[in-house]
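Chemist:
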Amino acid sequence: MQTVRNWRCKGRGPAYVVVGDRGIRYSLDDIVKYRDQKRVELQV
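In this text, residue positions in the sequence shown follow my numbering: the first is 181, and each later residue adds one.
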């Protein structure tokens, strides 16, 4: 989770929702969308 926390502080990474004072939640759809946007296709 440290990596995702760092991304969030730098304005990167998947979209998130702030719940209460310290709670951060990620939608599974947003995580999958972010992952798919960062996908790199290799040629073999």
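Here a beta-carbon is modelled for each residue, glycine too, at the ideal position from N, C-alpha and C.
What did DSSP end up calling Val212 once you bin it into helix, strand or coil?
Modeler: If DSSP states are grouped into helix, strand and coil, Val212 belongs with the helices.
Chemist: What residue does the beta strand (DSSP E) around Val197 start on, and which one ends it?
Modeler: First-last of the beta strand (DSSP E) with Val197: Val197 to Val199.
Chemist: Tell me Arg205's beta-bridge partners as DSSP assigns them.
Modeler: In DSSP, Arg205 forms a bridge with Val197.
Chemist: Since Arg185 is in the alpha helix (DSSP H), which residue starts that stretch and which ends it?
Modeler: Run containing Arg185: Gln182 to Cys189, per the alpha helix (DSSP H) assignment.
Chemist: What is the DSSP secondary structure of Gln217, counted as helix, strand or coil?
Modeler: Gln217 falls in the helix class under three-state DSSP.
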